[in-house]
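So the sequence shown is numbered by the working numbering: it starts at 763 and just counts up by one.
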Amino acid sequence: MNYDRLGFPIPPEFSPPTESAPRASVGARSPASPATPRTAGRGKRLVLLGLLAAVVVPGLAAPGVVPAVADAVVTWSLEQAIVDEGRGDVAAAIGNLGRAVRWCPDDADRKSRLLCWRAMLRIENRDPRGAIADADEAISLSPTLSQPRRVRALAHVILREPDAALDDAESAVALAGRSDPEALNHRAYIRALVGRDLEAALADIDAALPANGDGAAELLDTKGFLLHLLGRHHEAVDHLNLAIDGTQKVRRQVEALAGHGDPDELAYRMRSIDHGLAVMHQHRALACQALGLAGQAAQDFETAERKGYAPDRGIF
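What follows is the structure, encoded as structure tokens:
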């Protein structure tokens, strides 16, 4: 199983994201650029089931086999979670991730990533307190990882605990490095969500963007949203147009894989991309509304709602 920069799983039809890969939604998986399709996930799941059937009982008496069984259970559970999430069955995905966490071998960083993934799904399932519990456990396992603090910051935003959210965002920057673009983007966006330190947030995102300003869609979206909050609505729309156009391009590339890869895994990626677009359209709607562009604002608000914009579920 491959993971993206935030530690979330990437189905085998996709290569790891590049620095220009856009954000799906705040803190969530980043859509990866499509790669040449590989063997469909269903075949792998059958192989894993066969492995379990072949060794789960004999493995109780065979040294060295039980760890292989545990790893197979984890891999199979992650595959099932991807299928569930792609279909929008968040509760089932949480259950499969729970099994993966229980069976995960003694690999603290891996278990922390799994806990962070489950925490993000708990947020989407309207359980921010459960997400904080998962993030706390991930921090106890891997204190130097920044990802659990990013996830916990989002849960604090939903719970209207701005001080705690900002503390976690600051800690994530300290752990990841003060020049890390992902950490800077996250801190800038948390500041935007809670309406604090907006000029400092703009400085964060400017530091995260390349010198020519031609950055990843997730960064352009953050900057556009901040410019709107600072009253610079025309500039905001310009940046949000670029963010939406870049993400739509990735979406078309993923759509082109239809019929060439596992449909469940494609659905997983498409759902993530659409959540990112929901956030971007919501931001552009707000900027257009402020400019008096009522028609464009209404269209963007409708698109955001249709694609899943939901602040109480962490899609904001």
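Just so you know, even glycine gets a beta-carbon here, dropped at the ideal spot from N, CA and C.
When secondary structure is reduced to three states using DSSP, alanine 978 falls in the coil class, being assigned neither helix nor strand. About 4 angstroms separates the CB atoms of leucine 1002 and glycine 986; that is less than 8 angstroms, so the two are in contact. In the structure shown, alanine 1072 adopts extended strand secondary structure according to DSSP, grouped into three states. Sixteen is the threshold: when 16 or more other Cβ atoms of the shown chains lie within 10 Å of the Cβ of glycine 1008, as they do, the residue is buried. Closest in C-alpha terms to arginine 922, from the list Arg958, Ala938, Pro905, Ser941, comes Arg958.
When rounded, the separation of the alpha-carbon atoms in glutamine 909 and histidine 918 is 14 angstroms. In the DSSP assignment, leucine 971 falls outside any alpha helix (DSSP H), carrying neither H nor E. Taking a contact as a CB-CB distance under 8 angstroms, the pair valine 835 and tryptophan 865 counts as one, their CB atoms being some 4 angstroms apart. Excluding sequence positions up to five before and after arginine 872, its CB lies within less than 8 angstroms of the CB of Cys866, all in the same chain and listed in chain order. Straight-line measurement puts the Cα of aspartate 983 at about 8 angstroms from the Cα of histidine 1045. When C-alpha distances from alanine 870 are compared across Ser904, Glu1067, Asp896, the shortest belongs to Ser904. Between the alpha carbons of alanine 853 and lysine 1069 lies a distance of about 19 angstroms. Bounds of the alpha helix (DSSP H) holding asparagine 1003 are 995-1017. At the C-beta level, leucine 991 and alanine 962 stay beyond 8 angstroms of one another. In the DSSP assignment, isoleucine 856 is bridged to no other residue. Here aspartate 1074 has Arg888, Ile920 as same chain residues with Cβ atoms under 8 angstroms from its own Cβ, once five neighbours each way along the sequence are excluded. In the DSSP assignment, aspartate 929 falls within the unbroken alpha helix (DSSP H) covering 924-938. Distance from the CA atom of aspartate 1026 to the CA atom of histidine 1043, rounded to whole angstroms, is 26 angstroms.
According to DSSP, residue pairing for isoleucine 1077 in a beta bridge involves Ala1072. Taking the Cα of glycine 850 as reference, the smallest distance to any Cα among Glu932, His1022, Leu1028 is reached at Leu1028.
Annotated as distal: alanine 945 and valine 956, with beta-carbon spacing of 8 angstroms or more.
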